[in-house]
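A.B. asks:
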Amino acid sequence: MPDAATASSSVGPTPAPPPPAQPVPDDAGVARANVSSPPRAFHVMTKPIGPICNLDCHYCFYLEKEKLYPNKHNWRMPDDVLEVYIRQHIEAQQVPQISFAWQGGEPTLMGVDFFRRVVELQKKYCPEGKTIDNAMQTNGTLLDDEWCAFLHENRFLVGLSLDGPAHLHDRYRLDKGGKPTFQRVMRGLELLKKHQVDFNTLTVVNNHNSRQPLEVYRFLRQVGSGHMQFIPLVERVGPADREYAEPPLLKVLQQPSSPVTPWSVEPVQFGRFLCEIFDEWVRHDVGNVFVQLFEVQLGIWMDLPASLCVFAETCGAAMALEHNGDLYSCDHYVYPRYRLGNLMDKSILEMATSEAQRKFGNDKRDALPKYCRECDVRFACNGECPKHRFLRTPDGEEGLNYLCAGYKMFFHHIDPYMRTMADLLRRGQPAALIMQMLADRQRLALRPGHRPGRNDPCPCGSGKKYKKCCGVGASA
């Protein structure tokens, strides 16, 4: 089992640099460090086609970004912007392994030749002794043999958006004509496997698929996803007179009766979703299937810095680059207020280390309400992502995370297992041994005459009642 720093981010999986370098992000979340001093490495989510996409997913937060550039007709990143970006990004990274993350919109709309040019420029500017990794987040519908041969040859890591089996995936992931996309995505997945392209899956957890956690997990495992990311869908309801949704934290809800869209995941349901998948994973798949959230939390339980931005104390080392060279503080804060500048006018390093970006990153910690600062699972959460902090605490203070109840449920649930796996790793043993330990404990407890009652604590140590855990289906 890798350490938590190898988990991938929701915006394009990229490997983290080795210690002692500050962690570099992986695909939606990113490994970030405190931005009080210039980072040795930072992450940029690059959008060479801007928000343009061939799909029209109901929940996509980025499609509305077309309104940021109302007079735009050509959304393709110009070659001069591309070259300046690649040169500046390589020069700014003070680590031996330099990561590029490409997303959108849908980056495959740029065509294979654009990415051939990307690789050509990276080779031109990469200094001796350093290596470059590329990651791409795609919906997979436009992948063909030419694309996949290129991705394999150039060792791209692909994040594939897949929300579960057809009846769950096609609930919201539709094309511009309102037609389902599942079969096209699966065709793309088979091509990735045919050409031996490394890939992981990114699953948006919404109000629909969140009610079928094991069906989602087992499906992803069945189709060959060895690395999974589960991203909670939390979409604010924007005012009807606004061109685009209000940036998070600019307005705290006064009456949180209906703060989010109908397709957003419910907090407690998200917690249940994570708990049920974790229970399956910890008994059967540790060391074989890597779930980003679980890997990150295991690292935290081992007293390592959080390798995913949402759980770190501060953020700010993962920015978003638009097609024209505009750099924004974060992928989820692509609003005029959070524009740091344009790389054709000032360097990426200058913008990444600016006072504005430093304040943006430290605000994640400094704006945390007292209710969260005194929480027993703060070490695992740190208030999660600021874009979700739009409720009030029981004391009336602003800044409570919408998903608080679900995360609390999950962190309390995994605590005994995480303590066990962390202890195994500290003793130089594989965390996967926990599976045998749980099986042995259950087998011992279920000897004739020792079977627990339906309402007794489950002998596997989960803390749940036997009837709700290993006793499910026992009577049958």
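Those letters in the sequence shown? Residues 6 to 481, by the working numbering.
No residue lacks a Cβ here, since even glycine has one placed at the ideal position from N, Cα and C.
Keep in mind it's a predicted model, so treat the numbers as computed, not measured.
1. Whole-angstrom Cβ separation of residue 393 and residue 373, contact assumed at under 8 Å?
2. Need the endpoints of the alpha helix (DSSP H) that residue 376 sits in, please.
3. Who are residue 333's beta bridge partners in DSSP?
4. To the nearest whole angstrom, what separates the beta carbons of residue 419 and residue 291, a pair I think is in contact under 8 Å?
5. Mind checking residue 214: buried by the 16 CB within 10 Å criterion, or exposed?
6. For residue 246, collect the residues of the same chain with a Cβ closer than 8 Å to its Cβ; drop the 5 residues on either side in sequence, then sort them by chain order.
7. May I ask you to report which of helix, strand or coil DSSP gives residue 362?
8. What is the DSSP secondary structure of residue 368, counted as helix, strand or coil?
9. Let's see if you can read the secondary structure: which residues bound the alpha helix (DSSP H) around residue 438?
10. Are the segment 147 to 165 and the segment 197 to 207 touching, with three or more C-beta to C-beta distances below 8 Å?
11. Just how far apart, CA to CA, sit residue 138 and residue 103?
12. What ranges does the beta strand (DSSP E) occupy inside the segment 92 to 126, keeping only unbroken runs of at least 3 residues that lie completely in it?
13. Considering only their Cβ atoms, is the gap separating residue 67 from residue 56 smaller than 7 Å?
14. Where does residue 473 sit, in a helix, a strand or coil, going by DSSP?
15. With distances taken Cα to Cα, identify the nearest neighbour of residue 135 among 98, 386, 111 and 118.
16. Would you mind working out which of 354, 225 and 320 sits nearest residue 295, comparing C-alpha positions?
17. Starting from residue 236, follow its DSSP beta bridges and name the residues at the other end.
18. Are there 16 or more other CB atoms within 10 angstroms of the CB of residue 172, so buried, or fewer, so exposed?
19. Taking 8 Å as the threshold, find out whether the segment 109 to 129 comes into contact with the segment 354 to 370 through three or more Cβ pairs.
20. For residue 410, which of 86, 60, 381 and 424 has the nearest alpha-carbon?
C.D. replies: Let me spell this out:
1. Wrong, their Cβ atoms sit about 13 Å apart, outside the cutoff.
2. 375 to 378
3. 325 and 344
4. Wrong, their Cβ atoms sit about 12 Å apart, outside the cutoff.
5. buried
6. With a pLDDT of 42 at residue 246, under the threshold of 50, the predicted position of this residue should be treated as unreliable, though the coordinate-derived value follows. Excluding positions up to five away in sequence, the list is empty.
7. helix
8. helix
9. 438 to 450
10. yes
11. 6 Å
12. 102 to 107
13. yes
14. helix
15. 98
16. 225
17. 209
18. exposed
19. no
20. 381
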